[in-house]
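Below is one structure; the comments refer to it alone.
Number of protein chains: 2
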Amino acid sequence: MASTVARSSTSTLADQVFKTLQAAIIEGALKPGEKLKEPELSARYGVSRGPLRDAIRRLEARKLVVSAPNSGARVVSLTRQQLLELYEMREALEGMICRLAASAISDEELASLGQLLDQHEAAIEDSAGRDYFRQEGDLDFHFRLARASGNTLLADILCQDHYPLLRMYRYQFSASPGRPERALYEHRRILEALAERDGDLAEMLMRKHIRNARRNAAERTKDEAPIGAMKG
Amino acid sequence: MASTVARSSTSTLADQVFKTLQAAIIEGALKPGEKLKEPELSARYGVSRGPLRDAIRRLEARKLVVSAPNSGARVVSLTRQQLLELYEMREALEGMICRLAASAISDEELASLGQLLDQHEAAIEDSAGRDYFRQEGDLDFHFRLARASGNTLLADILCQDHYPLLRMYRYQFSASPGRPERALYEHRRILEALAERDGDLAEMLMRKHIRNARRNAAERTKDEAPIGAMKG
DNA sequence: AACCACCAGATTGTTGACAATTTTTCCGAT
DNA sequence: ATCGGAAAAATTGTCAACAATCTGGTGGTT
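Protein chains in written order, with the numbering used here: chain R, 1 to 232; chain B, 1001 to 1232.
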């Protein structure tokens, strides 16, 4: 352990610590509710507290960390309610992204997305324990749609500010049986609407897709109130 | 000048500098594209560079500042294109907020919002140079709707992360002739839909309202490419 | 005159020490 | 035994100095 981060000239130390910590949080090495102690972390990564605090502030911007004055930072721990709210936000933003993408997406990107879905289909039939790949692949589809919408502000908000949070919670739940197949089908329908340049339909289908995902998440978290580890 | 910030026990120095800088940016004391020089600012506010850098990172999270490694931070300067993208984002998020608010808002808050719109009507008839109040008042309506939606994540994203950016650009443009009256009318229609608990209609009306505001902004910025001051 | 290398000044990135606050521990009182 | 409070430890907030990087200008070369 103690993977001391070396300073590379193209990037800043704070930036590297940020990326390292973000990965640790998403992959669950740092658990929801866990306290981020500055002395411990700065020792672990071989960095002084300055860049470390900088990194923590950036994690806060991506909502992976919440911090209170004089009491430090903790890995975010969404309640069930907040997790469902996240889906409502996605429904709004990604619906709009689909509407815009219907006009803005290029024929090349449409074809490329079709290939991506073919890969997903193969991965699903292959199944076994490839669960991880399928989940990341699903996000890939949404990610690339955001980029194709032509609205860089929307794309940034989703891809940089909020998808990391979603990925973090995806790591904790494996897919429901039958959900990947269903999602793939819905993705294909969305892509069809985009190919027909039908913005109304594309938005409608994406919103329905995300409502389905939300319902799925609601089912899978029916009992537990706080999703991850307890805080404090 | 040199409004030295004193440390209060309830809040941190970085927090106070953040608030001061945010206000300075929104009100135009720091202009779009202007460089934030750490030595100068830390001297001006009587704070060392540590808390100052902290404050700058928080401004970055609210998209009021953009910074590149080794080259410092600048006040954000949206292009016309990016300003219009901001409206597309608002259309998505605030549409969803209206849909949710139709179910979640209380009768008391509905009545209170009605009074707010009465005040706006009075302010408009009063007119004269009260332009500033009307603009902030308009945001008040949207702000309170966000809180009333019951989705705290959506409300936070709008009120904390993105409204400051919008307020900054509002300071630069006074309202178009006739636009406040039109906006008030649209607000009343939205409130009616909420009172009828009609989520579909409320969303539709809000989206149309923001599309109108977007068109208005597009008209008023037809010539100039970068909105504020040039950068560098 | 235009272009490149180099040097000086300014600015950002990083560090370790110090101050203030919070949390924990331990002790005594009820 | 439990509760409250004071001392001690740990953690966060702040600072000033040092190192690395960028910026702008100077001078020399072709």
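C-beta: ideal position from N, C-alpha, C; glycine also.
Query                                                                                                               : Result
Residue(s) in a DSSP beta bridge with V66 of chain R                                                                : R:R74
Helix, strand or coil at T221 of chain R according to DSSP, with G and I counted as helix                           : coil
Rounded straight-line distance, which links the Cα of P32 of chain R to that of E40 of chain R                      : 17 angstroms
Cross-strand partners of K1035 of chain B (DSSP beta bridge)                                                        : B:R1074
Any C-beta of chain B under 9 angstroms from that of S3 of chain R                                                  : Caution applies to S3 of chain R, whose pLDDT of 49 falls short of 50 and renders its modelled position unreliable; the value that the coordinates give is listed next. Answer no: the Cβ-Cβ gap between S3 of chain R and chain B never drops below 9 angstroms.
Below-9 angstroms beta-carbon distance, G114 of chain R vs any chain B residue                                      : no
Beta carbon of L1064 of chain B nearer than 9 angstroms to that of E1121 of chain B                                 : no
Contacting residues, own chain, Cβ-Cβ under 6 angstroms from G1232 of chain B (five flanking each side not counted) : Residue placement at G1232 of chain B is flagged as unreliable, the pLDDT there being 29, under the threshold of 50; a coordinate-derived value is accordingly withheld.
For T79 of chain R, three-class secondary structure by DSSP                                                         : strand
Min CB distance I157 of chain R to chain B below 9 angstroms                                                        : yes
C-beta neighbour in chain B for G199 of chain R, strict 9 angstroms                                                 : no
Pairwise C-alpha distance: G1178 of chain B and R1049 of chain B                                                    : 47 angstroms
Contact residues within the region 1035-1065 of chain B, judged by C-beta distance below 8 angstroms to chain R     : G1050, R1053, D1054, R1057, R1058, E1060 and A1061
Range covered by the alpha helix (DSSP H) that runs through R197 of chain R                                         : No alpha helix (DSSP H) contains R197 of chain R, which DSSP labels as neither H nor E.
Selection from R:D126, R:Q160 and R:A218 that minimises the alpha carbon distance to H142 of chain R                : R:Q160
Distance, D1200 of chain B Cα to D118 of chain R Cα                                                                 : 36 angstroms
Local conformation of I1026 of chain B per DSSP, three classes                                                      : helix
Per-residue burial, F18 of chain R [other beta carbons within 10 Å of its own, 16 or more giving buried]            : buried
S1103 of chain B burial status per 10 Å Cβ neighbour count (16 or more: buried)                                     : exposed
CB contact below 9 angstroms: G1095 of chain B versus chain R                                                       : yes
C-beta neighbour in chain R for K1231 of chain B, strict 9 angstroms                                                : In this predicted model, K1231 of chain B has a pLDDT of only 34, less than 50, meaning its place in the structure is not dependable enough to derive any value.
Beta-carbon spacing of E1085 of chain B, N151 of chain R below 9 angstroms                                          : yes
Neighbour flag for M204 of chain R against chain B, beta carbons, 9 angstroms                                       : no
CA nearest to the CA of L1116 of chain B, picked from B:R1044, B:R1080 and B:H1187                                  : B:H1187
Neighbour flag for D1015 of chain B against chain R, beta carbons, 9 angstroms                                      : yes
Any chain B beta carbon closer than 9 angstroms to S8 of chain R                                                    : The predicted position of S8 of chain R is uncertain, since its pLDDT is 49 and thus under 50; a value taken from the coordinates is nonetheless stated next. Not one chain B Cβ lies under 9 angstroms of S8 of chain R.
Chain B contact for Q22 of chain R (CB, 9 angstroms cutoff)                                                         : no
Span of the alpha helix (DSSP H) around A1061 of chain B                                                            : R1049 to A1061
Delimiting residues of the alpha helix (DSSP H) encompassing D107 of chain R                                        : D107 to D126
Nearest neighbour of A202 of chain R, chosen from R:K35, R:R144, R:S71 and R:L191 [CA to CA]                        : R:L191
First through last residue of the alpha helix (DSSP H) which encompasses L165 of chain R                            : Y163 to R170
Assigned exposure category for S1149 of chain B - 16 Cβ within 10 Å defines buried                                  : buried
Residue closest to L1158 of chain B, alpha-carbon to alpha-carbon, out of B:T1020, B:R1062, B:R1058 and B:S1077     : B:R1062
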